[in-house]
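Okay, so here's the structure we're looking at.
Protein chains: 2
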Amino acid sequence: MKAKVRILDMYSGRYSVFINEKEAKKAKLHPDDLVKIEAGKKTVYGSVVVSNLVKEGEIGISRDILQLHSFSEGEAVMVTPSGTPESVRYIKKKMHGEKLRKVEIEAIIKDIVDRKLRDIEISSFVTSLEINGLDMDEIAALTIAMAETGDMLDIDRKPIMDVHSIGGVPGNKTNILVVPIVAAAGLTIPKTSSRAITSAAGTADVVEVFAEVSFSLDEIKRIVEKIGACMVWGGALNLAPADDITIKAERALSIDPTGLMLASIMSKKYAMGSQYVLIDIPTGKGVKVETVDQARALSRDFIELGRRLGQYVEVAITYGGQPIGHTVGPALEAREALSALMTGRGPGSLIEKATGLAGILLEMGGVAPAGMGKKMAREILESGKAWDKMKEIIEEQGGNPDIKPEEIPVGDKTYTFTAPTSGYITGIDNRAITGIARAAGAPEDKGAGIELYVKVGEKVKEGDPLFTIRAESEARLDQAIVFARRTEPIRIEGMVLQRIGNI
Amino acid sequence: MKAKVRILDMYSGRYSVFINEKEAKKAKLHPDDLVKIEAGKKTVYGSVVVSNLVKEGEIGISRDILQLHSFSEGEAVMVTPSGTPESVRYIKKKMHGEKLRKVEIEAIIKDIVDRKLRDIEISSFVTSLEINGLDMDEIAALTIAMAETGDMLDIDRKPIMDVHSIGGVPGNKTNILVVPIVAAAGLTIPKTSSRAITSAAGTADVVEVFAEVSFSLDEIKRIVEKIGACMVWGGALNLAPADDITIKAERALSIDPTGLMLASIMSKKYAMGSQYVLIDIPTGKGVKVETVDQARALSRDFIELGRRLGQYVEVAITYGGQPIGHTVGPALEAREALSALMTGRGPGSLIEKATGLAGILLEMGGVAPAGMGKKMAREILESGKAWDKMKEIIEEQGGNPDIKPEEIPVGDKTYTFTAPTSGYITGIDNRAITGIARAAGAPEDKGAGIELYVKVGEKVKEGDPLFTIRAESEARLDQAIVFARRTEPIRIEGMVLQRIGNI
Chain A
-10 MKAKVRILDM YSGRYSVFIN EKEAKKAKLH PDDLVKIEAG KKTVYGSVVV SNLVKEGEIG
50 ISRDILQLHS FSEGEAVMVT PSGTPESVRY IKKKMHGEKL RKVEIEAIIK DIVDRKLRDI
110 EISSFVTSLE INGLDMDEIA ALTIAMAETG DMLDIDRKPI MDVHSIGGVP GNKTNILVVP
170 IVAAAGLTIP KTSSRAITSA AGTADVVEVF AEVSFSLDEI KRIVEKIGAC MVWGGALNLA
230 PADDITIKAE RALSIDPTGL MLASIMSKKY AMGSQYVLID IPTGKGVKVE TVDQARALSR
290 DFIELGRRLG QYVEVAITYG GQPIGHTVGP ALEAREALSA LMTGRGPGSL IEKATGLAGI
350 LLEMGGVAPA GMGKKMAREI LESGKAWDKM KEIIEEQGGN PDIKPEEIPV GDKTYTFTAP
410 TSGYITGIDN RAITGIARAA GAPEDKGAGI ELYVKVGEKV KEGDPLFTIR AESEARLDQA
470 IVFARRTEPI RIEGMVLQRI GNI
Chain C
-10 MKAKVRILDM YSGRYSVFIN EKEAKKAKLH PDDLVKIEAG KKTVYGSVVV SNLVKEGEIG
50 ISRDILQLHS FSEGEAVMVT PSGTPESVRY IKKKMHGEKL RKVEIEAIIK DIVDRKLRDI
110 EISSFVTSLE INGLDMDEIA ALTIAMAETG DMLDIDRKPI MDVHSIGGVP GNKTNILVVP
170 IVAAAGLTIP KTSSRAITSA AGTADVVEVF AEVSFSLDEI KRIVEKIGAC MVWGGALNLA
230 PADDITIKAE RALSIDPTGL MLASIMSKKY AMGSQYVLID IPTGKGVKVE TVDQARALSR
290 DFIELGRRLG QYVEVAITYG GQPIGHTVGP ALEAREALSA LMTGRGPGSL IEKATGLAGI
350 LLEMGGVAPA GMGKKMAREI LESGKAWDKM KEIIEEQGGN PDIKPEEIPV GDKTYTFTAP
410 TSGYITGIDN RAITGIARAA GAPEDKGAGI ELYVKVGEKV KEGDPLFTIR AESEARLDQA
470 IVFARRTEPI RIEGMVLQRI GNI
């Protein structure tokens, strides 16, 4: 049928198109049927909603669709029912335990990006991957297909470095130090990162406190070719868009099939043109990868996948058993990271990890001799060169390079927990710390979070402060206090855990 | 948040609720988030669409929701974000190959019916069942949970008989004869059936040609208690509603996990209170179950599941290698079935199968001695008693009991295919026959379909008519002719299948 576009003011989280009841009856279209909408060279797929909000001869298009395809009000389009996509057969192959060929994986990813596959099919694909897995041939094909169905960056500087942390450790502002150190050494490092999904602050959330993070690929190219680095939000870009779609199903089911995780991370590096990639795998209780053995197996997969993509990959297995540095939450982490860059000093856990990772990148990029990377990284940090580079990044990304870390506003509603007993700190619970900071409002409330005064192994006396919660509202502060009381964020040896009557 | 209901004129095929952009921002709700909507004892779950079609303080509700819950315009409701349902953990257990406990299966089915689980989770469940299967304990729990989350029929007549065909054979109007034969013998048989999904006519589509098929459970109870039988559309009832929801995912993926199929069929029998159930499994090329061995394995599962549900189940493995009778399509099949009931005569394939199945039911119900059921069924059919019973059914279901089969209108646009050569009919392709009838407009166009003049094994001469396509419009007729030419619905031994140039 022919129809005129009517733009509907809604975001449905999916591709919905609205068709009048009579029109739907005539065209034998039912709710949730897949239709193809064409205008000139533009093609888009959508799920039918039958509704008299639109008239006969109109097709209502939700804003979700407009984000990717620019239809205009009243534009003439052709609407045709679309059968089951061929790629559903390949999903069934994987369901039945068969290995997929490269062209089959490409077809699935293309149909995901084109929205021909919807929640039902995508969830079935993700579930089949969780159960039946992917071998390295399949993972490599998946990674390349994910990258090539999105935009790719081509920077006129070589070599291109990149660093990625698997995540899960609260307070992990490490890469905010690593990027300027590496760039100050003359290497190119166009760093994209994510906002928090389940954590209290993603790298993009922290950088956003003192600079813009949403840029187009052209703007990124210009910035990076000028100063050798950027620290931007990957979500603003069309990098490996299939990943953003599959991740919705993974999150709903709280699964993260290994092959898909590898493809997800590495497709974005591939799309950014990265040649030397350092993967940080924190291990410890309460993070994604709990044991060193698991981390080793995963490392081998990353390295092999990189080899197939023409990337040189190294992996750093790091300690992730407790938060990094002394702060958790966007503004607090921004203060701590900027202060460390400015002074060359900071918490051991932050400085050691940042210079360690940066050092590996300096050696990978050939600017430091083997074994000398960390020393060089520390020198760059202490000399103020990393801070100079950071100021360039802040300026290019529209922030104020004369920023004073201590002037960054943080939540003014505070509550401090003190040690109920004397003893050694024997454990800090990553998940509880993240939960408290989120209850206090992070990452949406930039000033919300936690300041930690102790680390595992330190000795405290009864009444010593353990940590302060910061929030932007009393209500959020109260929520965080209640959450902190329900959990056991900090464990002190010798503390009575529970008193059950007086028997 | 508190909100007033605003009813939106749309069917989206899912549970959508519309929230104003500002309101969503305040409440930190995002597109596709799950929310709980409460008013008094009514609770419903929906997926957020962010839209300025509704104002602040309003919640827009689509008609899909109203079909199950009666909210009124302006009604005050409470809207709260809903976290991940507990049952997602059980879906993950099945994903990881573990056996599910009864309470876990119950939780999944309850959440499906309550719409707390959406396409992503349901598809993952169905995919996990396809890959990892269910054992008989799980299937029995699933069947009972599916039945008990819907309405149940309690008829004050015993014993309750039922018959179900696994389907896939074109022209299968058999049960339209079986039901009145069985009821004429004094047994009770409240038959619910479906409309066509992929076939050219479901039993409900055929019955609808001469009677109403949509009734409430109370109306069915009244009819069946009065005359011992009914032939209604199950889709109008709230029988095992979880099944209708999972089937959407199964259809999109074109999978039908065995455990789910068993539960789907038997949960509806259980909800109807059936005590004696006959399952017809047609076997042959182009139907669901192709070999007798597969049919035997499936039979054992049906019988064992029935035993656990307190039902006595028998299975008839029948020949499904070609269409039954001479007609395919709602009106044509109605003519053939009613004529057979009225005259006691008809095509061998129809009469033999109908009296065979009815005979088994007569023996199961204890009104015919062992081995004598088929003979008794034939006597009931030939004596006109089955036709008398059918007239009662038609009258109770609001049709005209004085109907003349030949007066039922059929499509007047016709085209007849003739034999291109002489020889024996060696094959009739079920899938092609169904495809032609659907291309001609069946089941929506009641008068569309096929009249078949030949059966496998018969001898034809060049030019003899093979089949006539009937349609209600020239356009549909043309479509069906094109489809028939592309396929090979009828194969004649000795026929040249393809001529490739003159080499």
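Protein chains in written order, with the numbering used here: chain A, -10 to 492; chain C, -10 to 492. Glycine included, every Cβ here is placed at the ideal spot set by N, Cα and C.
Quick one: residues in its chain with C-beta nearer than 7 Å to the C-beta of residue 20 of chain A, no 5 flanking neighbours on either side, listed in chain order? 37, 38 and 39
Within the same chain, show all residues whose beta-carbon is closer than 6 Å to that of residue 457 of chain A, passing over the 5 residues directly before and after it, in chain order. 403, 405 and 440
Spatial distance of residue 380 of chain A from residue 390 of chain A (CA atoms): 5 Å
How many angstroms separate the CA atom of residue -2 of chain A from the CA atom of residue 182 of chain A? 30 Å
Could you tell me whether the Cβ of residue 34 of chain C comes closer than 8 Å to any Cβ of chain A? no
For a quick check, are the C-beta atoms of residue 177 of chain A and residue 202 of chain A less than 8 Å apart? no
Indicate whether residue 480 of chain A and residue 416 of chain A have their beta-carbon atoms separated by less than 8 Å. yes
Proximal residues of chain A, C-beta to C-beta of residue 415 of chain C below 9 Å: Here the premise fails: no neighbours, minimum Cβ distance about 30 Å.
Step through the CB atoms of chain C and report whether any lies within less than 8 Å of the CB of residue 318 of chain A. no
As assigned by DSSP and simplified to three states, the class of residue 449 of chain A: strand
Helix, strand or coil for residue 49 of chain A, going by three-state DSSP, please let me know. strand
So residue 185 of chain A and residue 194 of chain A are in contact, right, with Cβ under 8 Å, and what is the actual spacing, rounded? 5 Å
I want to see whether chain A comes within less than 8 Å of residue 224 of chain C, judged by CB atoms only; does it? no
Cβ closer than 9 Å: which chain C residues qualify as neighbours of residue 42 of chain A? -3, -2, -1 and 42
Can you tell me whether residue -8 of chain C is buried or exposed? The criterion is at least 16 other CB atoms within 10 Å of its CB, across all chains shown. buried
Could you check if residue 272 of chain C is buried or exposed, using at least 16 other CB atoms within 10 Å of its CB as the buried criterion? buried
So the candidates are C:242, C:398 and C:465; which of them puts its Cα closest to the Cα of residue 84 of chain A? C:242
List, in chain order, every chain C residue whose beta-carbon is nearer than 9 Å to that of residue 2 of chain A. 19, 20, 21, 22, 36, 37, 38 and 39
Within its chain, find whatever has a CB closer than 6 Å to the CB of residue 319 of chain C; leave out the 5 residues flanking it on each side and keep chain order. 190, 194, 195, 198, 432 and 435
Cβ of residue 75 of chain A within 8 Å of any chain C Cβ: no
Short CB-CB distance (under 8 Å) between residue 84 of chain C and chain A: yes
Of all the alpha helix (DSSP H) runs that stay within the bounds of the segment 152 to 234 of chain C, which reach a length of 4 or more residues? 164 to 173, 192 to 196 and 206 to 216
Short-range partners of chain C found in the segment 87 to 114 of chain A, where Cβ spacing is below 9 Å: 107, 108, 109, 110, 111, 112, 113 and 114
Please go through the same chain and pick out, in chain order, the residues whose beta-carbon is closer than 7 Å to the beta-carbon of residue 437 of chain C, but skip the five residues on each side of it. 318, 400, 426, 429, 430, 431, 459, 460, 461 and 465
Please report how far the alpha carbon of residue 359 of chain C lies from the alpha carbon of residue 352 of chain C, in whole angstroms. 6 Å
Just the Cα atoms here: how many angstroms apart are residue 367 of chain C and residue 175 of chain C? 15 Å
How would you list, in chain order, the residues of chain B whose beta-carbon sits under 7 Å from the beta-carbon of residue 241 of chain C? Absent from the structure is chain B; the protein chains it does hold are A and C.
Do you know how far the Cα of residue 82 of chain A is from the Cα of residue 217 of chain A? 45 Å
Where do the ends of the beta strand (DSSP E) carrying residue -3 of chain A lie? -9 to -3
Meets three-Cβ-pair contact criterion under 8 Å: the segment 329 to 345 of chain A and the segment 159 to 170 of chain A: yes
Return the chain-ordered list of same chain residues with a C-beta closer than 8 Å to the C-beta of residue 447 of chain A, the five sequence neighbours on each side being excluded. 413 and 414
Could you check the C-alpha separation between residue 206 of chain C and residue 232 of chain C for me, to the nearest Å? 18 Å
For a contact meaning CB atoms closer than 8 Å, what does residue 244 of chain A contact in chain C? 81 and 84
Local conformation of residue 35 of chain C per DSSP, three classes: strand
Which one of A:411, A:470, A:299 and A:471 has the shortest CA to CA distance from residue 449 of chain A? A:411
With a threshold of 8 Å on Cβ separation, who are the neighbours of residue 383 of chain A within its own chain once the five nearest residues in sequence on each side are excluded? 199, 200, 389, 390 and 392
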